[in-house]
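Asks: Structure in structure tokens, see below.
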Ligand SMILES: C[S@@+](CC[C@H](N)C(=O)[O-])C[C@H]1O[C@@H](n2cnc3c(N)ncnc32)[C@H](O)[C@@H]1O
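Numbering (this note's numbering), first residue to last: 2 to 233.
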């Protein structure tokens, strides 16, 4: 029997990932390769568990974890931790509880830009496996000059230096730093140096950023001198 697509599974469970957001246009490009594998994943922000039910059907062999500040619902097929994603001690604690490293992490939690960056710095570095996929959703909040969500006030706006989009835009050149003489230009980034050095790919698309972590196949391409030797 033909396996159901990300879109079909999302429609079945009712998550807005495939309705309002239309993330099915992008995520399968990065996630379909994991479908039949025994992966471990974490979603921050579980609400009514609609997306968790989608993930468990999309990744039938996966071990699935969730983190949510308010979710009291039971989730028999995996484990939901209760905690605040903006507290790094919570992230450390759940990392210990999850044990090993994860193949896929998705942040659909508070959508507060500072929380998204804090989570990325900690989880991408310490919890995501080499070659893993990290998705930050609902980056729309970074475009807000003033807004509120889940009791948090967000004040950023187009081009704001603390906008998640700006922060990752500034790292787009990092994947090409072989061609840049002054490598210190990335020094002011809120993304830690160790994390910056492990970014293989950054993809921007509607209301989300997808980041892949380097793996062994990327090591031969690191820290090389530019073969043509010309710097602008
Ligand atoms: C958009 S909903 C998640 C929807 C779900 N992923 C889906 O697609 O069905 C966001 C969730 O993030 C949770 N949340 C808000 N602030 C949080 C925080 N600081 N830490 C952890 N979770 C938080 C909310 O309780 C809410 O359940």
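The C-beta atom is built at its ideal place from N, Cα and C for all residues, glycine as well. Since the structure is predicted, the reported quantities are computational estimates derived from the model, not experimental observations.
DSSP on residue 74, reduced to helix/strand/coil?
Replies: Coil at residue 74, not helix or strand.
Asks: Can you find a heavy atom of ligand 1 that lies under 7 Å from the Cβ of residue 68?
Replies: Checking the Cβ of residue 68 against ligand 1 gives yes.
Asks: Start and end of the alpha helix (DSSP H) containing residue 123?
Replies: Note, residue 123: alpha helix (DSSP H), 114-127.
Asks: Run through DSSP, which three-state label would residue 47 get?
Replies: Correct three-state label for residue 47: coil.
Asks: Provide the residue(s) that pair with residue 206 in DSSP beta bridges, ordered along the chain.
Replies: Partner(s): 209.
Asks: Beta-carbon within less than 6 Å of residue 51's beta-carbon, same chain only, minus the 5 sequence neighbours each way: which residues are those?
Replies: Excluding positions up to five away in sequence, the list reads 14, 15 and 16.
Asks: Does ligand 1 have a heavy atom nearer than 7 Å to the CB of residue 108?
Replies: No - ligand 1 has no heavy atom lying nearer than 7 Å to the Cβ of residue 108.
Asks: Using CA coordinates, which residue listed in 207, 218, 183 and 208 is at the minimum distance from residue 200?
Replies: Answer by Cα proximity: 218.
Asks: Looking at the structure shown, is residue 90 part of a helix, part of a strand, or coil, going by DSSP?
Replies: Residue state, collapsed to three classes: helix.
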